[in-house]
Amino acid sequence: MYGLADPYQVGSNVFGTTSLKYATTFLRGESLTGKGDTRIPSEKIVAHELAHIFLNTFKEKPVEQLTDQWLADYHKRHPELASNNH
Ligand SMILES: [Zn+2]
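Here the sequence shown stands for residues 698 to 783, numbered as in my numbering.
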């Protein structure tokens, strides 16, 4: 789950969530378009939920480490696409 508050509170502070049991991920669409809530860059939301799936874990620490690694590698290869807010 990627959010800024209580992870069990489904609302404006939850940007994405993944159920490993049901192989399903939900993403807050307005945060992916750049037109709505943009507190978290869209690529970070997607990478974070993908890391949950890739590592098959709910543990946030390894997920955040892999997310940061993926985004650093991506921005190294595509510096023109790097956001300034992460
Ligand atoms: Zn998470």
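We treat Cβ as the ideally placed atom computed from N, Cα and C, and that holds for glycine.
Please classify residue i: does DSSP put it in a helix, a strand, or coil?
{"i": "G713", "result": "strand"}
{"i": "N782", "result": "Residue confidence is low: N782 scores 46 on pLDDT, short of 50, so the model does not pin down where it sits. Its coordinate-derived value is still stated next. If DSSP states are grouped into helix, strand and coil, N782 belongs with coil."}
{"i": "P738", "result": "coil"}
{"i": "K732", "result": "coil"}
{"i": "H749", "result": "helix"}
{"i": "H775", "result": "coil"}
{"i": "T754", "result": "coil"}
{"i": "Y705", "result": "Because Y705 sits at a pLDDT of 49, beneath the cut-off of 50, its placement in the model cannot be relied upon, and the point is left open."}
According to DSSP, residue i sits in a beta bridge with which residue or residues?
{"i": "T722", "result": "T715"}
Just to check, is the beta-carbon of residue i closer than 8 angstroms to a non-hydrogen atom of ligand 1?
{"i": "V743", "result": "no"}
{"i": "I757", "result": "Before going further, note that residue 757 is Glu rather than Ile in the sequence given. For ligand 1, at least one heavy atom lies less than 8 angstroms from the Cβ of E757."}
{"i": "V838", "result": "Beyond the ends of the chain as shown, which are 698 and 783, falls residue 838; an answer cannot be given."}
{"i": "H775", "result": "no"}
{"i": "E746", "result": "yes"}
{"i": "H749", "result": "yes"}
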